[in-house]
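See structure below.
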């Protein structure tokens, strides 16, 4: 993995960089390339040499900390439970907890430092002796809460701030006995790094360097732009074009999907870490004039560390997408959850509603009512994908990553219920079912929207479909597409 030269802006001056590298050497970090030390270098940005010396002395390798963030109870007024770097109340009622890693630690071999707030995660066997643990950071870049250090992709052509996905490899045997001893996790760590080293956009192109905010381009990160590649994220004032940094907007929950997890041929063809961009904020004036694409899922090929933007489920932003068992070798199925347009200020969302209305006859929905912003107007959804076909669902494609995994050709189904059905929140609130299931009458109905491989603005997205009254022709009631 490569990152920018630490001796040049926006990183540290040469002297400060050398101080950090020297201190890391004292910690027995054997990084062949100082570019791998992005997290350490960026964390030290702006510190004096004296501050660097003090702070670096507290650095610990991955797994070196044993203090727990989790608490069995609120510390309250018990001052003995409020100690920086130490555990609080550890009398957990359902079993012991131990720390695998802590943000701010570094890999002793490469110097790699994971960044951000841990969220979606997964684990699988990398090989017979190694467990690969993967987790993503729900970080927001310049949009909110400060940037994360830039993650270089596609051979240093460009970089991403915001959310990262990290992996840490653990010795399988030592991990198996970890809860039976008092050792820290440090001795189990075999290596760590970024899970994304290559990134492809919705057009299937490698994401390239940022151009001017009004430059028409196809190799952009569409989470930051409109369909023509014009930059519309709200961070133009503090995310300069010269910094060549895109943003992965708030990777939230995620799921690691192993290939064929329900039997030979059943499920995905590859091991995939399926992540999602959740929310962002867009420039209202630019969105009104130009539009915005929205936020999609990203399927990360675990074997090649390559992220592919997924258009087939829409661009409304998501909380989590999880594979479920279709029971059929030709299909893949996913349960979808998300907010359906958590895109920032009222001004920005109003601009997008105006664009949507302008597309329709009389600026209305088919039933004569007004379109409203689609956030939270969304049912339970499933995606059904056909393996081995391109986005047009006609061209056979058994080789490209998304197509062979059923993530290019597919359709989204929403759970529609009869008028008068109890509202979702009321159905949940105050109902204690004591483990007994409940039934809600309805049908999964296919929406009229379908991804065809063409990138469009959000006003043409699947997210608006749930404001349209559903008619239930028999052909739309089946969950699986028929031969």
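Residue numbers (the numbering used here): 3 to 485.
Note that the Cβ used here is the ideal one computed from N, Cα and C, for glycine as well.
Would you kindly work out how many angstroms separate the C-alpha atoms of residue 239 and residue 332, rounded to a whole number? Rounded to the nearest whole angstrom, the CA to CA distance from residue 239 to residue 332 is 48 Å.
Contact set for residue 122: own chain, Cβ-Cβ below 6 Å, skip 5 residues either direction: 138, 255, 256
Use the C-beta contact count for residue 241: other C-beta atoms within 10 angstroms, 16 or more gives buried, fewer gives exposed. buried
Taking just the CA atoms, how far does residue 466 sit from residue 309? 27 Å
In the region 134 to 196, which residue ranges form an unbroken alpha helix (DSSP H) of at least 4 residues, counting only runs that do not cross its ends? 174 to 178
Assign residue 359 to one of three DSSP states: helix, strand, or coil. helix
Return the CA-CA distance between residue 36 and residue 87, expressed in angstroms with no decimal places. Only weak support exists for where residue 36 lies, its pLDDT of 48 falling under 50; the value from the coordinates is given anyway. The straight-line gap from Cα to Cα measures roughly 28 Å.
Quick one: what's got a C-beta closer than 7 Å to residue 470's C-beta in the same chain, skipping five residues either side? Excluding the 5 residues flanking it on each side, residue 470 has same chain C-beta neighbours closer than 7 Å at 367, 368, in chain order.
Assess, as a yes-or-no matter, whether the region 164 to 182 is touched by the region 125 to 136 under the definition of 3 or more beta carbon pairs within less than 8 Å. Yes: the two stretches touch, three or more of their Cβ pairs being nearer than 8 Å.
Let me know if residue 323 comes out buried or exposed under the rule of 16 or more other beta-carbons within 10 Å of its beta-carbon. By the 16-neighbour rule on beta-carbons within 10 angstroms, residue 323 is buried.
Looking only at C-alpha atoms, which of 271, 185, 59 sits nearest to residue 69? Restricting attention to 271, 185, 59, the CA atom closest to the CA of residue 69 is found in 185.
Distance cutoff 9 Å, beta carbons only. Does residue 302 sit that close to anything in chain D? Chain labels in this structure do not include chain D; a single protein chain is all it has.
Residue of 348, 75, 413 minimising C-alpha distance to residue 1: For residue 1 there is no data in the structure shown, the boundaries of the chain being 3 and 485.
Residue environment, residue 104, which counts as buried when at least 16 other CB atoms sit within 10 Å: It counts as buried.
On the DSSP bridge assignment, give the partners of residue 438 in chain order. According to DSSP, which records beta bridges pairwise, residue 438 is partnered with nothing at all.
When 232, 418, 422 are compared against residue 446, the one with the closest alpha-carbon: 418
Going by the DSSP bridge assignment, what does residue 248 pair with across the sheet? Partner(s): 162.
What number of angstroms, rounded off, separates the C-alpha of residue 436 from the C-alpha of residue 430? 13 Å
In this structure, does DSSP put residue 285 in helix, strand or coil? coil
Can you check whether the CB of residue 297 is closer than 9 Å to the CB of residue 279? yes
When the Cα atoms are used, what is the spatial distance from residue 348 to residue 464? 21 Å
Residue ranges of each beta strand (DSSP E) within the region 81 to 124, 3 or longer: If we require 3 residues or more, the region 81 to 124 turns out to have no beta strand (DSSP E) run fully inside it.
When DSSP builds the beta bridges, which residues end up paired with residue 448? Under DSSP, residue 448 takes part in a beta bridge, and its partners are 415.
Take residue 264 and list the residues in its own chain whose beta-carbon comes closer than 6 Å to its own, dropping the five residues that flank it on each side. 327
What does residue 339 pair with, by DSSP beta-bridge criteria? 322
Inter-residue Cα distance where the pair is residue 74 and residue 182: 20 Å
Just the C-alpha distance for residue 244 and residue 301, rounded to the nearest angstrom, thanks. 28 Å
Determine the extent of the beta strand (DSSP E) in which residue 383 is found, giving its start and end residues. 383 to 388
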